[in-house]
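Enquirer:
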Ligand SMILES: [Zn+2]
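Residue numbers (the numbering used here): 1 to 98.
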């Protein structure tokens, strides 16, 4: 599996492992946010608190005030690799963002 590193501190972004339930008790290297860029067509936005799934997608609410463990239906999935004409998500630890 490809490793993904924090854009701010350079430490690995650890995905949630198979069989692990995403909860507020994840370690700091598993609590992740992203800035979504739309290639300059709108102002970049910060996601809410989320985590990486085992497909290396960020699962997080779009509202930066929200946290994944309080929500079920409102979570979005953000692919982390560039796809043509789509969002690009730059990921970092929640701890580094604060
Ligand atoms: Zn970091």
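Beta carbons are placed, not taken as given, at the ideal position from N, Cα and C, and that holds for glycine.
#1: How is the beta strand (DSSP E) around residue 72 delimited, first residue to last?
#2: For ligand 1, I want to know if residue 90 counts as a neighbour, meaning its beta carbon is within less than 8 Å of at least one of the ligand's heavy atoms.
#3: Once you ignore the five residues that flank residue 77 on each side, which residues in its own chain have a CB closer than 6 Å to its CB?
#4: Check whether the segment 41–50 and the segment 3–18 are in contact - that is, three or more C-beta pairs closer than 8 Å.
#5: Report the three-state DSSP secondary structure of residue 43 (helix, strand or coil).
Expert: With the given structure in hand:
#1: Looking at the DSSP string, residue 72 is not in any beta strand (DSSP E), and its letter there is neither H nor E.
#2: No, the beta carbon of residue 90 sits no closer than 8 Å to any heavy atom of ligand 1.
#3: 57, 59
#4: no
#5: coil
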